[in-house]
Structure formats: C-alpha cells, structure tokens
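With the numbering used here applied, the sequence shown covers 53 to 288.
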Amino acid sequence: MKLEIDGLTVAYGRTQVLFGVDLHVPSGALVCVMGRNGVGKTTLLNAVTGLLPIRSGQVRLDGTEIGRMSPFKRARAGIGYVPQGHPVFPHLTARQNLEVVAKAAGSRAGGSVDERVDEVLEIFPALRRLLGRPAGLLSGGQAQQLAIARTLTTRPGLLILDEPTEGIQPSIIMEIEDAIARLHATTGMTIVLVEQYVEFAMRLADDYAVMEGGTIVAAGSTADADAEALTGLLAI
Ligand SMILES: Nc1ncnc2c1ncn2[C@@H]1O[C@H](COP(=O)(O)OP(=O)(O)OP(=O)(O)O)[C@@H](O)[C@H]1O
Ligand SMILES: [Mg+2]
Numbered sequence: 053m054k055l056e057i058d059g060l061t062v063a064y065g066r067t068q069v070l071f072g073v074d075l076h077v078p079s080g081a082l083v084c085v086m087g088r089n090g091v092g093k094t095t096l097l098n099a100v101t102g103l104l105p106i107r108s109g110q111v112r113l114d115g116t117e118i119g120r121m122s123p124f125k126r127a128r129a130g131i132g133y134v135p136q137g138h139p140v141f142p143h144l145t146a147r148q149n150l151e152v153v154a155k156a157a158g159s160r161a162g163g164s165v166d167e168r169v170d171e172v173l174e175i176f177p178a179l180r181r182l183l184g185r186p187a188g189l190l191s192g193g194q195a196q197q198l199a200i201a202r203t204l205t206t207r208p209g210l211l212i213l214d215e216p217t218e219g220i221q222p223s224i225i226m227e228i229e230d231a232i233a234r235l236h237a238t239t240g241m242t243i244v245l246v247e248q249y250v251e252f253a254m255r256l257a258d259d260y261a262v263m264e265g266g267t268i269v270a271a272g273s274t275a276d277a278d279a280e281a282l283t284g285l286l287a288i
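Here you go:
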C-alpha cells in the first residue's frame, strides 16, 4: 500500500512536536525514518496509526484520506503497527497473543486464524518452541519477535515498526533483520521502519528520512547515502 504524509503537524496540548512532516512511501517500498531521541519519530507513527490526533496536514493510504479515522479503522484498512518497546499481553501465552490479534484482523486479512498463525511461524520459527509460554516470561528479543509476528497475523498492507532493535541482543537482531528482509522481498508489503541503528537501516531500507526537531531534514535513497554522514547526523 502507498502511504503519503503531507504537511503533518501534531501537538501535545500547547506543545507542538511535529512541524509539517512530508513523507511519501511508494507501494512495496521499505523506508527507514531515523533521528535522535526526542525528535518526534514515535509521535509521527502514532499520528499515522491514529493513536494521536493530527492538528493539520494529510495522511493518505492508497489515495484515501485516513488522517481522522480511528486507530481501529486504520488497522482494518491495512495498517499494522508494532509500537516501540514491543508490548505483548504478558498473561497470555505466546500462541494466545498471536491468536487474539489474528482473530481481531477482520475479513480483509483472508484465510483462517490457524493459517495466518502458521504463516507467521514460518517467518519467526524461533517462536515455535515458545508458544505455550506466558509472553511476560519471554526475553526482550523473543517478545519483539512475538510483537512483530502478532501484527503480521493481520496481513497488513503497510507494516510500521518503531525501533525493533532497541535493547535487543545481537543474535536476535540478526533474526529480526532476516525476517524483515524476507518479508520485503517476498510479500511486497510496504514497510516503514523507525531505527537508530544506522547499519541495520542501511542494509534493509530502499529510502531513508532523517528527522530533527519535528521535521524531516534529510532524505534520499540508501544506495546513495553516506553512512558516515548519517551516523554524524544521529550522533548526540
Ligand atoms: N505524551 C506526551 N506529552 C507531551 N510531550 C510528549 C509526549 N510524548 C512525547 N512528547 C515529547 O515530544 C517529543 C517527541 O517525542 P517522541 O517520543 O516522538 O520522540 P522519538 O523521536 O520517538 O524519541 P525516541 O528515539 O527516544 O523514541 C519529545 O520532546 C517528547 O518529550
Ligand atoms: Mg520513539
């Protein structure tokens, strides 16, 4: 699905945090949004998914204006969101986490709940032996994989990931990178990734955008990007 964000502004009460963000993500592209802590990355994602109201600007999904739809309607329209900090339902087992979200997906997803759960276990095979475990007992990396897998059970047309490598051990970062690369290559799903780990973002993304103080200050194709200059833009 194609995502077009134009002139987006968002405020928390009187404090404006986004100042006219423009970002166009072609159908099937993988775009990485980078930026230091506190520049507004999560605020942008929350505004796109409907968790925060927008003050002005437009958000279009495949040409349809969604900027004032409820989060639920946007999810039904095809947006899958994996928030920062990989929240899961701690008292449900890993399998129940997958099933609860798969059941909520609605008719757009197609296929049965079991089919969709099997499909995501192909993408994250490490979850198979954890299915009976309460999600609250999983490691951070396992919970991140579960959080992504759970969202994928809805078969989103646009997958939005907020800092999937944050606080995750290197071996699991590799598994997550492989899974995202495979999804991108095989499904044609559009993916928006917020990430501060520059090498990870450069390996995965087609295009990048760098945020600073609530706007996008640099953007382009990762093929032409200077990783060192980007790292400089992100350094504290
Ligand atoms: N609920 C809130 N109320 C008021 N201000 C907020 C709220 N949430 C975030 N902010 C402020 O908005 C700005 C952007 O925050 P945001 O969480 O979008 O940044 P971020 O780029 O995602 O940072 P990080 O990399 O640390 O996740 C920050 O100055 C933050 O303090
Ligand atoms: Mg954030």
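For each residue, glycine too, the CB sits at the ideal point set by N, CA and C.
Predicted, not measured: the structure shown is a model, and the values here were computed from it.
ask   = For residue 81, which three-state DSSP category applies?
value = As a position in the sequence shown, residue 81 is number 29, starting the count at 1. Coil.
inquiry  = Between the alpha carbons of residue 244 and residue 73, how many angstroms are there, rounded?
reply    = Position 192 of the sequence shown, counted from the start, is the residue given in the question as residue 244. Position 21 of the sequence shown, counted from the start, is the residue given in the question as residue 73. Taking the straight line from one Cα to the other gives about 15 Å.
Beta-bridge partners of residue 117, as assigned by DSSP = Looking up residue 117 in the sequence shown gives position 65. Bridge partners of residue 117: 112.
ask   = Could you check where the alpha helix (DSSP H) with residue 263 kicks off and where it finishes?
value = Your numbering for residue 263 matches position 211 in the sequence shown. No alpha helix (DSSP H) contains residue 263, which is instead part of the beta strand (DSSP E) from 259–264.
message = Whole angstroms are fine: how far does the CA of residue 90 sit from the CA of residue 212?
response = Walking along the sequence shown from the start, residue 212 turns up at place 160. Walking along the sequence shown from the start, residue 90 turns up at place 38. The straight-line gap from Cα to Cα measures roughly 18 Å.
ask   = Helix, strand or coil: how does DSSP classify residue 236 here?
value = Taking the first residue of the sequence shown as 1, we reach residue 236 at position 184. Of the three classes helix, strand and coil, the one that applies to residue 236 here is helix, per DSSP.
message = Alpha carbons only, please: which of 60, 219 and 75 is nearest the one belonging to residue 99?
response = Position 47 of the sequence shown, counted from the start, is the residue given in the question as residue 99. It is 60.
task = Give every residue of the same chain whose Cβ lies closer than 7 Å to the Cβ of residue 143, excluding the five residues on either side of it in the sequence, and list them in chain order.
result = Position 91 of the sequence shown holds residue 143. Around residue 143: 186 and 188.
query = Run through DSSP, which three-state label would residue 68 get?
reply = Translated into positions along the sequence shown, residue 68 becomes position 16. Of the three classes helix, strand and coil, the one that applies to residue 68 here is strand, per DSSP.
ask   = In the stretch 185–232, which residue ranges form an unbroken beta strand (DSSP E) of at least 3 residues, counting only runs that do not cross its ends?
value = 210–214
ask   = Would you call the stretch 213–229 and the stretch 129–143 in contact, with 3 or more CB pairs under 8 Å?
value = yes
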